[in-house]
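Taking it in order: structure first as structure tokens, then the write-up.
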Amino acid sequence: MLTIRLEKLRFFAFHGLFDLEKKIGNEFEVNCTLTIGNESVVIKDIFQTINYAEIYSLLKSEMAQPRLLLETFLTETAERIKKTYPPVKSIKINIYKITAPIEGFDGKIGVELARSWD
Numbered sequence: 012m013l014t015i016r017l018e019k020l021r022f023f024a025f026h027g028l029f030d031l032e033k034k035i036g037n038e039f040e041v042n043c044t045l046t047i048g049n050e051s052v053v054i055k056d057i058f059q060t061i062n063y064a065e066i067y068s069l070l071k072s073e074m075a076q077p078r079l080l081l082e083t084f085l086t087e088t089a090e091r092i093k094k095t096y097p098p099v100k101s102i103k104i105n106i107y108k109i110t111a112p113i114e115g116f117d118g119k120i121g122v123e124l125a126r127s128w129d
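In my numbering, the protein residues as written are 12 to 129.
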């Protein structure tokens, strides 16, 4: 198996349940780990793997579509990655809201999804 990781990606987006989140937006951090079957002993061509720049572009596109729930972002994004890149055997993706709209809260909140396909 080959693992591809994109970590600590920062995006500004408008995900959230509250009107203020929809209006002013928030900063988010996304981490995405993909595994693919590796048939080749030595990978010498981009077509033997998944182009991480394309994964970044897909994540950026998904972040631009506001969702009420971070869970919705994760499930829809994971399905889009699998549909676009059938060799993906598993995915772990998480998203953190950097400034949670909770009075007195100091930290970040996040949600993670892990899926695998045989």
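Ideal placement from N, C-alpha and C gives every residue a C-beta, glycine not left out.
Which residues does DSSP list as the beta-bridge partners of A64? None, per the DSSP bridge assignment.
If I'm right that L31 touches P112 with Cβ under 8 angstroms, what's the distance once you round it to whole angstroms? Yes, L31 and P112 are in contact; Cβ-Cβ is about 6 angstroms, under 8 angstroms.
Am I right that K93 and I102 are in contact with their C-beta atoms under 8 angstroms? What's the rounded C-beta distance? 7 angstroms
What is the DSSP secondary structure of L31, counted as helix, strand or coil? helix
So, under 8 angstroms CB-CB, Y107 and E40 are touching, yes? Tell me the CB distance rounded to an integer number of Å. Their Cβ separation, rounded to whole angstroms, is 4 angstroms, which keeps Y107 and E40 in contact under 8 angstroms.
Report the rounded CA-to-CA distance for F58 versus L17, giving the unit in angstroms. 18 angstroms
Count the other CB atoms, across all protein chains shown, that sit within 10 Å of the CB of G27; report buried if there are 16 or more and exposed otherwise. Flag for G27 reads buried.
Whole angstroms are fine: how far does the CA of I120 sit from the CA of D56? 38 angstroms
Within 8 angstroms, strictly: CB atoms of M74 and F22: Less than 8 angstroms separates the beta-carbon of M74 from that of F22.
Report, in whole angstroms, the separation of the C-beta atoms of I15 and K100, which I expect to be a contact under 8 angstroms. That belief does not hold up - the Cβ atoms of I15 and K100 are roughly 11 angstroms apart, past 8 angstroms.
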